[in-house]
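A.B. asks: One structure is given below, represented as structure tokens, and several questions about it will come after.
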Amino acid sequence: MKRLITLVFLMVFAVTGGAFAADTVKIGVYLPLTGQMAFGGQLELEGVQMAYKEMPTILGKKVELFVVDNKSDKVEAANAVKRLIEKEKVVAIIGTYGSSLAMAGGEVAEKAKVPMVGTSCTNPLVTQGKKFSFRVCFIDPFQGAGAATYAYKDLKLKTAALLVDISNDYSVGLASFFTKSFTKLGGKIVANLKYQAGDQDFTAQLTEITSKKPDVLFIPSYFAEGAIIMKQVKELGAKFQVMGGDAMDNPQIVEIGGAAVEGFVHTTFPYDPSMKNMSPMAKKFTENWKKAFPSKEPNVNA
Numbered sequence: 001m002k003r004l005i006t007l008v009f010l011m012v013f014a015v016t017g018g019a020f021a022a023d024t025v026k027i028g029v030y031l032p033l034t035g036q037m038a039f040g041g042q043l044e045l046e047g048v049q050m051a052y053k054e055m056p057t058i059l060g061k062k063v064e065l066f067v068v069d070n071k072s073d074k075v076e077a078a079n080a081v082k083r084l085i086e087k088e089k090v091v092a093i094i095g096t097y098g099s100s101l102a103m104a105g106g107e108v109a110e111k112a113k114v115p116m117v118g119t120s121c122t123n124p125l126v127t128q129g130k131k132f133s134f135r136v137c138f139i140d141p142f143q144g145a146g147a148a149t150y151a152y153k154d155l156k157l158k159t160a161a162l163l164v165d166i167s168n169d170y171s172v173g174l175a176s177f178f179t180k181s182f183t184k185l186g187g188k189i190v191a192n193l194k195y196q197a198g199d200q201d202f203t204a205q206l207t208e209i210t211s212k213k214p215d216v217l218f219i220p221s222y223f224a225e226g227a228i229i230m231k232q233v234k235e236l237g238a239k240f241q242v243m244g245g246d247a248m249d250n251p252q253i254v255e256i257g258g259a260a261v262e263g264f265v266h267t268t269f270p271y272d273p274s275m276k277n278m279s280p281m282a283k284k285f286t287e288n289w290k291k292a293f294p295s296k297e298p299n300v301n302a
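The structure is reproduced here in structure tokens:
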């Protein structure tokens, strides 16, 4: 995260060098701190705050952060970015967790020509066709292909079913990229069923999926919904492999899903909790994280 703040500074300097005549550099942060995606937003905010504590100035300029809650809502995301630009006069923005939110906020930043750097928004449309939107993570075509390849070639799984949140751009996009890669490899999609964010009962969809006898169920969901889905898979007695994407990467998935998440496989960002292969900057950040949050596991979002 320290590297992200440095990147933001250098990028803004290149784009809007005149903004640095003042002694203070104003950077906006918009994240889902309440609502459905608050779990990810809170983790990323903790990472931003830790990085800011370690690096409150850059090149002699004091950095001032302005944090706004986008409430896990697309309209609120756009309004949050507008407020940061028009009221707080920020020269760059960090955020946001959630591709749908990043796409909504990115449109506003693009029109205002204010650089925005996404932290974990993986849908390619977040930056596609934009001059002022950037990201520091991989994109869904990459992880969709990775998941499909691992399923088909490494696990030897030849048939797949999908359960997709049609209200979420991340879920729809990742499902599409997984499907494209899996079928190109020779795999067969035997079921592609939908649900809406906030649903709690997936029995009907899972019963139909189970009847198709897939080798693998791919659920491009956020971890809370994913854990619930896996609990219901276990209750139905289904034996297929379950896979997902990076939004499943949260320690709470075990707390919610319990034994039902055992054997679950998901793609995610490179992260080494042993710290053996970390850069000095990442290692220092992780060590400081453990001191600041002793009851929490270090996570890729931070």
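Counting in this note's numbering, the sequence shown runs from 1 upward without gaps.
Ideal Cβ positions, reconstructed from N, Cα and C, are used throughout, including at glycine.
If we count the other Cβ atoms within 10 Å of its Cβ and call it buried at 16 or more, is G303 buried or exposed?
C.D. replies: Given a span of 1 to 302 for the chain in the structure shown, any question on residue 303 remains unanswerable.
A.B. asks: In the DSSP assignment, find the unbroken alpha helix (DSSP H) run with V233 in it and report its ends.
C.D. replies: Mapped onto the sequence shown, residue 233 falls at position 233. It spans F223 to L236 - the alpha helix (DSSP H) in which V233 sits, taken as one unbroken run.
A.B. asks: Can you tell which of T286, T159, K71 and G129 has its C-alpha closest to the C-alpha of G98?
C.D. replies: Locating residue 98 in the sequence shown gives position 98, counting from the first residue. The residue with the shortest Cα to Cα distance from G98 is K71.
A.B. asks: Work out the CA separation of C137 and A102 for me, nearest whole Å.
C.D. replies: Working through the sequence shown from its first residue, we reach residue 102 at position 102. Working through the sequence shown from its first residue, we reach residue 137 at position 137. Distance between the alpha carbons of A102 and C137: 13 Å.
A.B. asks: Across the segment 84 to 97 and the segment 21 to 36, are there enough close Cβ pairs to call them in contact, namely three or more that are closer than 8 Å?
C.D. replies: At 8 Å Cβ cutoff, the stretches touch.
A.B. asks: Measure the Cβ-Cβ separation of V114 and A161 and say whether it is below 7 Å.
C.D. replies: Sequence index remark: in the sequence shown, residue 114 carries index 114 (1-based). Sequence index remark: in the sequence shown, residue 161 carries index 161 (1-based). Taking 7 Å as the Cβ cut-off, V114 and A161 do not qualify as a contacting pair.
A.B. asks: For K194, tell me which candidate among K62, E208, G237 and K158 has the shortest Cα-Cα distance.
C.D. replies: For this step, residue 194 is matched to residue 194 along the sequence shown. Measuring from the Cα of K194, the nearest candidate turns out to be E208.
A.B. asks: Going by Cα to Cα distance, which pick from V172, I229 and A292 is closest to L217?
C.D. replies: In the sequence shown, the residue the question calls residue 217 occupies position 217. The candidate whose alpha carbon is nearest that of L217 is I229.
A.B. asks: Where does V15 sit, in a helix, a strand or coil, going by DSSP?
C.D. replies: Stepping through the sequence shown from its first residue, residue 15 is reached at position 15. Since pLDDT at V15 reaches only 49, below the 50 mark, its modelled position is unreliable, and the value read off the structure follows with that caveat. Helix.
A.B. asks: Between the beta-carbon of Q128 and the beta-carbon of T267, is there less than 7 Å?
C.D. replies: Your numbering for residue 128 matches position 128 in the sequence shown. Your numbering for residue 267 matches position 267 in the sequence shown. Taking 7 Å as the Cβ cut-off, Q128 and T267 do not qualify as a contacting pair.
A.B. asks: In terms of residue numbering, what span does the alpha helix (DSSP H) encompassing A147 cover?
C.D. replies: For the purposes of this step, residue 147 is taken as residue 147 along the sequence shown, with counting starting at 1. Element bounds for A147: D140 to T149.
A.B. asks: Does the Cβ of V75 have 16 or more other Cβ atoms within 10 Å, making it buried, or fewer, making it exposed?
C.D. replies: Within the sequence shown, the letter at position 75 stands for residue 75. Exposed: under 16 other Cβ atoms inside 10 Å.
A.B. asks: Who pairs with R135 in a beta bridge, going by DSSP?
C.D. replies: As a working mapping, residue 135 is identified with position 135 in the sequence shown. G118.
A.B. asks: Taking A259 as the reference, give the member of Y271, K234, L43 and K61 with the closest Cα.
C.D. replies: Taking the sequence shown and counting its residues from 1, one reaches residue 259 at position 259. For the residues Y271, K234, L43 and K61, the minimum Cα distance to A259 belongs to K234.
A.B. asks: Mind checking which residues open and close the alpha helix (DSSP H) that includes E46?
C.D. replies: As a working note, residue 46 is residue 46 in the sequence shown. Unbroken alpha helix (DSSP H) run through E46: A38 to E54.
A.B. asks: Using a Cβ-Cβ cutoff of less than 7 Å, which residues in the same chain neighbour F223 once the five nearest sequence positions on both sides are dropped?
C.D. replies: Here the question's residue 223 lines up with position 223 in the sequence shown. Cβ neighbours of F223 beyond the five flanking positions: A247, M248, N250, Q252 and I253.
A.B. asks: Taking the beta strand (DSSP E) that V25 belongs to, which residues open and close that run?
C.D. replies: One-based indexing of the sequence shown puts residue 25 at position 25. Run containing V25: T24 to L31, per the beta strand (DSSP E) assignment.
A.B. asks: Can you give me the C-alpha to C-alpha distance between A159 and G60, rounded to a whole angstrom?
C.D. replies: Start at 1 with the first residue of the sequence shown, and residue 159 comes out as number 159. Start at 1 with the first residue of the sequence shown, and residue 60 comes out as number 60. The question names Ala, but residue 159 is Thr in the sequence shown. In a straight line, the C-alpha of T159 is about 57 Å away from that of G60.
A.B. asks: Using 10 angstroms around the beta-carbon of P280, count the other beta-carbons present and answer buried if the total reaches 16, otherwise exposed.
C.D. replies: Here residue 280 refers to the residue found at position 280 when the sequence shown is read from its first residue. Under this definition P280 is an exposed residue.
A.B. asks: Report all residues from its chain with a CB closer than 7 Å to the CB of V15; omit the five preceding and five following residues, and keep chain order.
C.D. replies: Against the sequence shown, residue 15 aligns to sequence position 15. Residue confidence for V15 is low, a pLDDT of 49 falling below 50, so the modelled location carries little weight and cannot support an answer.
A.B. asks: Measuring CA to CA, which of P294, K296 and K284 is closest to E54?
C.D. replies: Looking up residue 54 in the sequence shown gives position 54. The residue with the shortest Cα to Cα distance from E54 is K284.
A.B. asks: Specify, as a first and last residue, the run of the beta strand (DSSP E) that Y195 falls within.
C.D. replies: Translated into the one-based positions of the sequence shown, residue 195 becomes position 195. Where Y195 is concerned, the enclosing beta strand (DSSP E) stretches over K188 to Y195.
A.B. asks: Tell me whether the beta-carbon of V90 lies closer than 7 Å to the beta-carbon of A109.
C.D. replies: Locating residue 90 in the sequence shown gives position 90, counting from the first residue. Locating residue 109 in the sequence shown gives position 109, counting from the first residue. No, they are not a contact pair.
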